[in-house]
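S.K.: Here it is, the structure, as structure tokens.
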Amino acid sequence: MRKPVIGITGAFVKHNASMEGVYVHQDYHKSVAAAGGIPIVLPFIDPEMALETVALCDGLILSGGEDVDPLYYGEEPHLQLGPTMPLRDEVEIALVKHALARQIPLLAICRGVQIMNVALGGTLIQDIPSQVSQPLQHSQRVERSRDTHWVAIEKGSRLAEILKEDKIRVNSLHHQALKDVASELRVVAKASDGVIEAVEHTGSAFAIGVQWHPESMAASNPLMHKLFVELILRSREKLHSVQD
Ligand code: MN
368 MRKPVIGITG AFVKHNASME GVYVHQDYHK SVAAAGGIPI VLPFIDPEMA LETVALCDGL
428 ILSGGEDVDP LYYGEEPHLQ LGPTMPLRDE VEIALVKHAL ARQIPLLAIC RGVQIMNVAL
488 GGTLIQDIPS QVSQPLQHSQ RVERSRDTHW VAIEKGSRLA EILKEDKIRV NSLHHQALKD
548 VASELRVVAK ASDGVIEAVE HTGSAFAIGV QWHPESMAAS NPLMHKLFVE LILRSREKLH
608 SVQD
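What the sequence shown shows, in our numbering, is residues 368 to 611, in sequence order.
This is the structure in structure tokens:
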């Protein structure tokens with residue numbers, strides 16, 4: 368039996384006319400490989416091609432990156448809105464719906480949890496520093512692997528079950544966050560300023576979204592490694608169920 372294949376979406380980077388394409392931080396690949404999966408990078412062509420490529424995968428990671436275009440949740444752009452990539456939004460919205468419908472295990476990271484919420488009808492805080500009162504520093508200025516704030520985890524949640532903790536330290540590299548949470552999702556972790564730090568799907572599908580970057584902590588933090596192990600475990604079950 369082969370290892371489960373985990374499709375990972377990336378950011379779209381354009382260096383110059385001769386160098387443009389999808390970019391995925393090495394930490395995602397390493398974390399998936401260390402947990403027993405095969406990481407592959409998903410291209411951005413159009414939503415249809417995205418669904419064809421994810422059909423080859425047993426699990427899915429929506430990675431960090433650009434801000435979501437507020438058009439997709441019915442808002443005008445805030446002054447502090449960062450760069451957006453509407454094609455990526457469209458592709459990932461299609462991927463979220465497809466993954467949930469087909470029970471493809473999903474781990475949504477940073478921008479990933481934001482687009483998952485938007486895909487299911489939720490909205491975003493476009494800029495934490497200007498839209499949250501007395502916010503924490505969510506855009507840390509130390510290395511990515513470093514934990515900088517606490518997160519309280521909801522007892523009885525899937526996330527609490529996986530981590531066996533009700534309070535953890537996380538890194539923080541986001542200026543946006545979830546605002547109105549989609550009805551299919553429930554909040555399972557928050558920072559002390561009230562910012563939503565994790566959600567999970569309320570149905571039978573395995574779909575967890577976290578606002579921090581576990582891929583950049585997993586090499587040195589066993590709790591974060593566990594998140595990837597759980598994704599690979601669920602993806603292996605998916606692989607078996609298809610082959611049986
Ligand atoms: Mn944070």
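Positions of the beta carbon are idealized from the N, C-alpha and C atoms, including for glycine.
Only a predicted model underlies this, so the values are computations on that prediction, with no experimental measurement involved.
Measuring only the C-alpha atoms, how far is residue 576 from residue 383?
M.R.: Going by the C-alpha atoms only, they are around 33 angstroms apart.
S.K.: According to DSSP, what are the bridge partners of residue 374?
M.R.: 407 and 427
S.K.: Just to confirm, are residue 428 and residue 476 a CB contact at a threshold of 8 angstroms?
M.R.: yes
S.K.: Measure from the alpha carbon of residue 503 to the alpha carbon of each residue in 517, 482 and 449, then state which is nearest.
M.R.: 517
S.K.: Could you spell out where the beta strand (DSSP E) holding residue 622 opens and where it closes?
M.R.: Shown here, the chain extends from 368 to 611; a query on residue 622 therefore has no answer.
S.K.: Can you list, in chain order, the residues of its chain with a C-beta nearer than 6 angstroms to that of residue 463? Leave out the 5 residues immediately preceding and following it.
M.R.: The residues 483 and 486, in chain order, have a CB closer than 6 angstroms to that of residue 463 in the same chain once the five nearest residues on each side in sequence are set aside.
S.K.: By DSSP, does residue 383 sit in helix, in strand, or in coil?
M.R.: strand
S.K.: Looking at ligand 1, does it come within less than 7 angstroms of residue 602, judged from the CB to the closest heavy atom?
M.R.: no
S.K.: Cβ of residue 398 within 7 angstroms of any heavy atom in ligand 1?
M.R.: no
S.K.: Compute the distance between the beta-carbons of residue 403 and residue 599, then report whether it is under 8 angstroms.
M.R.: yes
S.K.: Report the partner residues of residue 568 according to the DSSP bridge assignment.
M.R.: 552
S.K.: Helix, strand or coil for residue 536 per DSSP?
M.R.: Of the three classes helix, strand and coil, the one that applies to residue 536 here is strand, per DSSP.
S.K.: Mapping the DSSP letters down to three states, classify residue 577 as helix, strand or coil.
M.R.: strand
S.K.: Can you tell me where the alpha helix (DSSP H) with residue 482 in it begins and where it stops?
M.R.: 478 to 486
S.K.: Can you round the beta-carbon distance between residue 594 and residue 371 to whole angstroms, since I take them to be within the 8 angstroms contact cut?
M.R.: Going by Cβ atoms, the distance from residue 594 to residue 371 rounds to 15 angstroms, so no, they are not a contact pair.
S.K.: How many Å lie between residue 494 and residue 604 at the Cα?
M.R.: 38 angstroms
S.K.: Report whether the distance from the Cβ of residue 519 to the nearest heavy atom of ligand 1 is below 7 angstroms.
M.R.: no
S.K.: With DSSP as the reference, identify every bridge partner of residue 390, one or two as the case may be.
M.R.: Paired residues: 378.
S.K.: For a quick check, are the C-beta atoms of residue 398 and residue 597 less than 8 angstroms apart?
M.R.: no
S.K.: How is the alpha helix (DSSP H) around residue 494 delimited, first residue to last?
M.R.: Where residue 494 is concerned, there is no enclosing alpha helix (DSSP H), given that its DSSP letter is neither H nor E.
S.K.: Can you list, in chain order, the residues of its chain with a C-beta nearer than 6 angstroms to that of residue 409? Leave out the 5 residues immediately preceding and following it.
M.R.: Excluding sequence positions up to five before and after residue 409, its CB lies within less than 6 angstroms of the CB of 374, 376 and 420, all in the same chain and listed in chain order.
S.K.: Counting pairs of beta carbons, one from the region 466 to 476 and one from the region 427 to 447, are three or more of them closer than 8 angstroms?
M.R.: yes
S.K.: Pick out whichever of 569, 368, 474 and 413 has its Cα sitting closest to the Cα of residue 458.
M.R.: 413
S.K.: Per DSSP, which residues does residue 656 bridge with? Please list them.
M.R.: The displayed coordinates of the chain run from 368 to 611. Any statement about residue 656 would go beyond what the structure contains.
S.K.: Look up residue 467 in the DSSP assignment and say whether it is helix, strand or coil.
M.R.: Of the three classes helix, strand and coil, the one that applies to residue 467 here is helix, per DSSP.
S.K.: Quick one: residues in its chain with C-beta nearer than 8 angstroms to the C-beta of residue 527, no 5 flanking neighbours on either side, listed in chain order?
M.R.: 520, 521, 533 and 555
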